[in-house]
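Undergrad: Once you've had a glance at the structure underneath, I'll fire off some questions.
Protein chains: 2
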Amino acid sequence: MDLGRINEFALEMIFDAGKYIRASFSQELIIETKSDFKDIVTNIDREIEQFFVNKIKMRDPSHKILGEEGMGDNIVTLDGPVWIIDPIDGTMNFVKQHRHFLISIGFYVDGEGKLGYLYDVMRNEIIYAIRGEGAFIDHRRIRKLMPLTIEEAVIGINASWVIPNDKINHEKMIQLIKKVRGTRSYGSAAMEISLVVTGKLDAYLSMRLAPWDVGGGMVIAEEVGAVTSNLKGKPFNLLTHDTFLIANPSIHKILLDQFIELK
Amino acid sequence: MDLGRINEFALEMIFDAGKYIRASFSQELIIETKSDFKDIVTNIDREIEQFFVNKIKMRDPSHKILGEEGMGDNIVTLDGPVWIIDPIDGTMNFVKQHRHFLISIGFYVDGEGKLGYLYDVMRNEIIYAIRGEGAFIDHRRIRKLMPLTIEEAVIGINASWVIPNDKINHEKMIQLIKKVRGTRSYGSAAMEISLVVTGKLDAYLSMRLAPWDVGGGMVIAEEVGAVTSNLKGKPFNLLTHDTFLIANPSIHKILLDQFIELK
């Protein structure tokens, strides 16, 4: 399998989708709610996923697709080549802010991440990685993350996990917030992951993410030395929803051991 | 006083500063801590403030300047023409992310906001307002904020105010977080204000801000119908540090009455 050629194909497909999304702001958006009123989808999410599915299937029908909007295949194993796709990560930001949303794509073969993409559509900023060959931002190589202390860290965390909740001991989250230099929250897992892999944040954690939220970012993380896991310290399960942590390697274990206690 | 000409002067000065800041990333940054390790300043903050002070004093020495880094005047009243300047709001973001920081400038005469500027340096996006003439983003007019419910709101709030603290009843903040559609935190008051005045966030609150954090944004808020106050519902005190709330007019009172209880 020629990863270089698949990479070129993926980059072109992603840039084309970005152009379409940017042009879409001049049209009327159709917004629907999904599981609850905080979970929304637009016609553009669906159109972009369908565009990716068509492109990938036309190129090689044997490639399987796991997409947020369900236009791909019914995936029960990661055997063979599988694309994991979020056409718009941060749909609320897309609708309300017209910024701060990303296309996230991962390409896996037999469960191993080979290619990863995080594309900030409005910044026109592409972060991508080819397994074993490194990660790049706008085609410049991203250097490995530099070590730092937990006191120096700026972490991405949503306020929902800092208040009493049924997933995690929030008292330890309070200790974490007092310990670190600062916290941020952007409303897009892919955006927060893109900031961690470029050293702009030092960690990001969430109690519930889907494969398409992290599939692209996990391949990039590997190439820059960022550590990913679920909140038990095990590999994130790409076949279902799971908890998630990505961190600078010098603080990943400290976060897990001292501040994260699942209920 | 010809506000149109002062506006042209200010815009040119701000764009020049932006060019200088963008070019500064190729040089070594000198970082110092101020009051504590979370409060930092760089040589660029100081150089940019000095640049603004020089420009303003050369144009009209009678104009007073209240600046974050103290290069301006010792301001004890807002009588006469006063510039309120933050050369880089979001210095931690500036240092660590090379993005998500803004230049914030307000021009006041006898305490009344006449001109306001929020310049996202890396996006090269300027938001400004001329009192009575409206607010503009990249020279396109910003429309008045549309009403919405508290359940539909996305608000900017730092996690520090959601955990037990000595400023505010955090239990009510927990209720607020459960009530709204989402929360965000960007690490720059000027950035959060810029998102509120353009309808990308619906409110932002902080327990402690300085005049230069809000002086520019308050003039813009007035022109788009966003309501600003301190957390007691009184006008923000531009001569000292104060609590701060900016919100869509349809939720400002609800936030104050139902969710904000100062200690």
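Note that the protein sequences, when read in sequence, are chains A and L. Numbered as in my numbering, the first sequence ends at 1120 without a single skipped number. Numbered as in my numbering, the second sequence ends at 1120 without a single skipped number. Every residue gets a Cβ at the ideal spot worked out from N, C-alpha and C, and that includes glycine. As the structure is a computational prediction, the values presented were derived from the model and not from experiment.
How big is the Cα-Cα spacing for ILE800(A) and GLU1028(L)?
TA: Because chain A spans 858 through 1120 in this model, residue 800(A) falls outside it and cannot be assessed.
Undergrad: Can you give the Cα-Cα distance for VAL966(L) and ALA880(A), rounded to whole angstroms?
TA: Counted from its first residue, the second sequence places residue 966(L) at position 109. Counted from its first residue, the first sequence places residue 880(A) at position 23. Between VAL966(L) and ALA880(A), the C-alpha separation is close to 42 Å.
Undergrad: Determine the burial state of SER883(L): buried for a count of at least 16 other Cβ atoms within 10 Å of its Cβ, exposed for fewer.
TA: Here residue 883(L) refers to the residue found at position 26 when the second sequence is read from its first residue. Counting Cβ neighbours within 10 Å, SER883(L) comes out exposed, since fewer than 16 surround it.
Undergrad: Return the first residue and the last residue of the beta strand (DSSP E) that TYR985(A) is part of.
TA: Counting from one through the first sequence, the residue named residue 985(A) turns up at place 128. Looking at the DSSP string, the run of the beta strand (DSSP E) that includes TYR985(A) is 982-987.
Undergrad: Which residues mark the beginning and the end of the beta strand (DSSP E) in which ILE922(L) is found?
TA: Taking the second sequence and counting its residues from 1, the one referred to as residue 922(L) is at position 65. Unbroken beta strand (DSSP E) run through ILE922(L): 921-924.
Undergrad: How many whole angstroms separate the CB atoms of ILE1077(A) and TYR976(A), which I take to be in contact at a CB cut-off of 8 Å?
TA: Position 220 of the first sequence, counting from 1, holds the residue named residue 1077(A). Position 119 of the first sequence, counting from 1, holds the residue named residue 976(A). Going by Cβ atoms, the distance from ILE1077(A) to TYR976(A) rounds to 11 Å, so no, they are not a contact pair.
Undergrad: Leaving out five residues on either side along the sequence, give the residues of the same chain with a beta carbon under 7 Å from the beta carbon of LYS1001(L).
TA: For the purposes of this step, residue 1001(L) is identified with residue 144 of the second sequence, where counting begins at 1. Closer than 7 Å at Cβ, skipping near neighbours: VAL1081, GLY1082.
Undergrad: Taking 8 Å as the CB-CB limit, is ALA1016(A) close to chain L?
TA: Working through the first sequence from its first residue, we reach residue 1016(A) at position 159. Yes, ALA1016(A) lies at the interface with chain L (some Cβ there is under 8 Å from its Cβ).
Undergrad: What residue from GLU1079(A), PHE951(A), ILE863(A), MET1064(A) has the CA that sits closest to LYS914(A)'s CA?
TA: Position 57 of the first sequence, counted from the start, is the residue given in the question as residue 914(A). It is ILE863(A).
Undergrad: Hey, out of VAL1054(L), ASN1022(L), PHE909(L), GLU969(L), whose CA is closest to ALA1104(L)'s CA?
TA: The count along the second sequence starts at 1 and reaches residue 1104(L) at position 247. It is VAL1054(L) whose Cα lies nearest to the Cα of ALA1104(L).
Undergrad: Which class does THR948(L) belong to by DSSP, given the choice of helix, strand or coil?
TA: For the purposes of this step, residue 948(L) is taken as the residue at position 91 of the second sequence. In the structure shown, THR948(L) sits in a helix (DSSP, three-state: H, G or I).
Undergrad: Flag this pair as touching only if the stretch 950-961 of chain L and the stretch 1037-1053 of chain L have three or more C-beta atom pairs under 8 Å; answer yes or no.
TA: Flag = yes, the stretch 950-961 of chain L and the stretch 1037-1053 of chain L touch.
Undergrad: Restricting to Cα atoms, I'd like to know which of HIS920(L), GLY968(L), ILE887(L), VAL978(L) is closest to ILE945(L).
TA: Looking up residue 945(L) in the second sequence gives position 88. If we check each option's Cα against that of ILE945(L), VAL978(L) comes out closest.
Undergrad: Need the endpoints of the alpha helix (DSSP H) that PHE958(L) sits in, please.
TA: If you number the second sequence from 1, residue 958(L) lands on position 101. Looking at the DSSP string, PHE958(L) is not in any alpha helix (DSSP H), and its letter there is neither H nor E.
Undergrad: So which residues on chain A does SER1042(L) lean against when the C-beta distance must stay under 7 Å?
TA: Within the second sequence, the letter at position 185 stands for residue 1042(L). Neighbours of SER1042(L) on chain A, chain order: THR1040, ARG1041, SER1042.
Undergrad: Taking only the alpha-carbon atoms, compute the straight-line gap between MET1075(A) and HIS1109(A) and give it to the nearest angstrom.
TA: Start at 1 with the first residue of the first sequence, and residue 1075(A) comes out as number 218. Start at 1 with the first residue of the first sequence, and residue 1109(A) comes out as number 252. Going from the Cα of MET1075(A) to the Cα of HIS1109(A) covers about 14 Å.
Undergrad: Hey, would you say ARG1038(A) sits closer than 8 Å to ALA1010(A), going by beta carbons?
TA: By one-based count along the first sequence, residue 1038(A) stands at place 181. By one-based count along the first sequence, residue 1010(A) stands at place 153. Contact flag set, yes.
Undergrad: In the DSSP output, what is ILE888(L) paired with across the bridge?
TA: Translated into positions along the second sequence, residue 888(L) becomes position 31. DSSP output for ILE888(L) lists THR899(L) as bridge partner(s).
Undergrad: Within the same chain, show all residues whose beta-carbon is closer than 7 Å to that of GLU987(L), passing over the 5 residues directly before and after it, in chain order.
TA: Stepping through the second sequence from its first residue, residue 987(L) is reached at position 130. Looking at the sequence itself, residue 987(L) is Ile, so the reference to Glu does not match. Answer for ILE987(L): LEU860, ASN864, LEU972, listed in chain order.
Undergrad: Just to make sure I have the definition right: I need the residues of chain L whose C-beta is within less than 9 Å of the C-beta of ALA1095(A). Which are they?
TA: To locate residue 1095(A), count along the first sequence from 1; it is residue 238. It should be noted that the sequence gives Leu, not Ala, for residue 1095(A). Result: empty, since nearest Cβ-Cβ is about 26 Å, beyond 9 Å.
Undergrad: So, does the CB of GLY1102(L) fall closer than 8 Å to a CB anywhere in chain A?
TA: Position 245 of the second sequence, counted from the start, is the residue given in the question as residue 1102(L). As written in the sequence, residue 1102(L) is Leu, which differs from the Gly given in the question. Not closer than 8 Å to any Cβ of chain A, the Cβ of LEU1102(L) fails to qualify, so no.
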